[in-house]
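Q:
In the working numbering, the protein residues as written are 769 to 955.
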């Protein structure tokens, strides 16, 4: 199957945790959500006023969040896809959005070097991480729920924070990308 709704480049694509949906975000400012199987268009999310950079479902599939070049992170309920909340702390490009393995946190990295972390539900700002003065990119929670990591774009450093207190655990240098293994034990 070829999905051709995007009017421009596709920046991110993801399946829902139960495999019933596939979503992709585009430089045409939209997120397209298709049903699986069959791949019929379920809905188009149109809140972003600039490129959609990253998409993520909560582990239980009840929310979908996406990060946009214009800064905000948009969170929609699944199913129904009504807008649940808009997170607006970023005053620059929002690069990546991620939910913790238990779905209790949502984090997003920004071009001004900040990582904002909100509680779910409620979406109150929990904390802001400011270790890198560089654009913060490549954000991930460990599968075991013990760590959050992110990298700076040009400082080639990975910052690893303990959860739930967000204290800096360690840094890894000369890195360009970051992701935890599915079990959360390796980076």
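Note that beta-carbon positions come from the ideal geometry of N, C-alpha and C, so glycine has one too.
Leaving out five residues on either side along the sequence, give the residues of the same chain with a beta carbon under 8 Å from the beta carbon of residue 872.
A: So the qualifying residues of the chain are 887 and 888.
Q: Can you tell me which of the three DSSP states residue 909 falls into?
A: Note: residue 909 maps to strand in three-state DSSP.
Q: Compare the Cα-Cα distances from residue 777 to each of 798, 849, 931 and 789 and report the closest residue.
A: Of 798, 849, 931 and 789, the residue nearest in Cα terms is 798.
Q: What residue from 907, 783, 883 and 938 has the CA that sits closest to residue 802's CA?
A: Considering only alpha carbons, the answer is 783.
Q: Does the distance from the CB of residue 881 to the CB of residue 908 come in under 7 Å?
A: In this structure, residue 908 does not lie closer than 7 Å to residue 881 by Cβ.
Q: State the Cα-Cα distance for the pair residue 795 and residue 815, rounded to the nearest angstrom.
A: C-alpha separation (whole angstroms): 13 Å.
Q: Given this structure, state the Cα-to-Cα distance separating residue 854 from residue 841, to the nearest angstrom.
A: Distance between the alpha carbons of residue 854 and residue 841 is about 6 Å.
Q: Got a sec? Which residues, its chain only, sit under 7 Å from residue 811 by beta carbon, not counting five neighbours each side?
A: Excluding sequence neighbours, residue 811 sits near 801 and 849.
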